[in-house]
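*Asks:* Position 40 (the sequence shown) corresponds to 40 in this note's numbering; numbering is contiguous.
The beta-carbon is built from N, C-alpha and C at its ideal position, and this holds for glycine as well.
Remember, it's a predicted structure, so these values are computed and weren't measured experimentally.
I'd like to ask some things about the structure below.
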Amino acid sequence: MSMSSLTMCFPFVCSIPCQDPSTVDLDDSEVASTASSITSSYFSSNLSSESIASRPAASEQPWPYRFYSGERAWARGGNGEWRLVLLLDDGSLEDHDGRDVPVYTATWTGIDGFVARGAFSPLLGNLKPDTETVRHLLREEKAPVQGDADKLYLETVDLGT
């Protein structure tokens, strides 16, 4: 996959040559959140009215969920395919169509072997936690998943439960 096709599939993406996503410094100044107190006040005032325990009815449905740096999550790229990602920050607020939404920076290894980064938001419906409930939803919908390793993980991780 070329850099241009990767950028088309996942908005806000840059790729850096790297063999292993674990080599990415989680305290990287490019992705470190500078607005953690603003983000915390946003979450406490805007997410408390909706139950975090409520579950989305569809994989693309926005879902108020708070993530933290180092968590694994499922992110849907611009090509509509879901990808298992590692979150690099605790989120920051960005304006989206006149409203503030929490946005998280994530990294994953693309099928070309490059480590990619992207920005995703649970309130835009393109970021979900890596939980049994979400994995069940993705399987039930037969949601498109990018990458053989992620497809295998999705199909086998919950077999023992």
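Tell me, to the nearest whole angstrom, how far the beta carbon of Ala-73 is from that of Asn-126; I am working on the premise that it is less than 8 Å.
*Replies:* Their Cβ separation, rounded to whole angstroms, is 10 Å, which puts Ala-73 and Asn-126 out of contact at 8 Å.
*Asks:* Skipping 5 residues on each side, what residues in its chain have a beta carbon closer than 8 Å to that of Ala-106?
*Replies:* Within the same chain, Ala-106 has close Cβ partners Ala-73, Ala-75, Val-85, Leu-86, Leu-87, Leu-88, Arg-117, Gly-118, Ala-119, Phe-120 and Leu-127.
*Asks:* For Leu-159, count the other beta carbons within 10 Å of its own beta carbon; 16 or more makes it buried, fewer makes it exposed. Which is it?
*Replies:* The residue in question, Leu-159, is exposed, as its Cβ has fewer than 16 Cβ neighbours within 10 Å.
*Asks:* Which term fits Arg-135, buried or exposed, when burial requires 16 or more other beta carbons within 10 angstroms of its beta carbon?
*Replies:* It counts as buried.
*Asks:* For Ala-149, which three-state DSSP category applies?
*Replies:* In this structure, Ala-149 counts as helix in the three-state DSSP scheme.
*Asks:* Can you have a look at Arg-192 and say buried or exposed, based on whether 16 or more other CB atoms are within 10 angstroms of its CB?
*Replies:* Because the chain spans 1 through 161 in this model, residue 192 falls outside it and cannot be assessed.
*Asks:* Considering only the alpha carbon of each residue, which of Pro-56, Glu-71 and Gly-70 lies closest to Val-64?
*Replies:* Here the sequence assigns Pro to residue 64, which means Val is not the residue at that position. That would be Pro-56, whose Cα lies nearest to the Cα of Pro-64.
*Asks:* Express the C-alpha separation of Glu-94 and Val-101 in angstroms, rounding to a whole number.
*Replies:* Rounded to whole angstroms, Val-101 to Glu-94 spans 6 Å at the Cα level.
*Asks:* Hey, which unbroken runs of the beta strand (DSSP E) at 3 residues or more fall wholly within the segment 80–156?
*Replies:* Counting only runs of 3 or more, we get 82–87, 92–96, 99–109, 115–120 and 127–129.
*Asks:* How big is the Cα-Cα spacing for Ala-143 and Leu-123?
*Replies:* Computed Cα separation, rounded: 19 Å.
*Asks:* Considering only residues of the same chain and omitting the five flanking positions on each side of Glu-71, which have a CB-CB separation below 8 Å?
*Replies:* Here the set comprises Leu-86, Leu-87, Pro-129 and Asp-130.
*Asks:* Buried or exposed for Val-157, going by 16 or more other Cβ atoms inside 10 Å?
*Replies:* With fewer than 16 Cβ atoms within 10 Å of its Cβ, Val-157 is classed as exposed.
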